Amino acid sequence: MRTVKVFEEAWPLHTPFVIARGSRSEARVVVVELEEEGIKGTGECTPYPRYGESDASVMAQIMSVVPQLEKGLTREELQKILPCRRST
Numbered sequence: 005m006r007t008v009k010v011f012e013e014a015w016p017l018h019t020p021f022v023i024a025r026g027s028r029s030e031a032r033v034v035v036v037e038l039e040e041e042g043i044k045g046t047g048e049c050t051p052y053p054r055y056g057e058s059d060a061s062v063m064a065q066i067m068s069v070v071p072q073l074e075k076g077l078t079r080e081e082l083q084k085i086l087p088c089r090r091s092t
């Protein structure tokens, strides 16, 4: 059986990240852990409001496919059902 965990974390930065738009001392990260037959995989992303993303929107998008992931959805199938954002 495959299990899926999705959660948010705040990762402290060693030094603040500073650009003209502001600075930050931590990275807000959405983490996904998949485990099957004792093998665990972990992935993470940092949602960017600049591109219309938020912690909540990314969590909702991931949670919408958790039942399929738990049933064995493949990487290729996942890429087909999740929306793709391309820069223009």
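Heads up: the sequence shown begins at 5 in the numbering used here, then just goes up one per residue.
Note that the Cβ used here is the ideal one computed from N, Cα and C, for glycine as well.
Because the structure is a prediction, the values reported are computed rather than measured.
The residues V69, in chain order, have a CB closer than 7 Å to that of I85 in the same chain once the five nearest residues on each side in sequence are set aside.
Measuring C-alpha to C-alpha distances from V10 to each of I43, G26, E48 and E80 identifies E48 as the nearest. When only Cα atoms are considered, L17 and V34 end up about 16 Å apart.
Between A31 and T50, the C-beta spacing is below 9 Å. As computed with DSSP, R32 is found in a beta bridge with A14.
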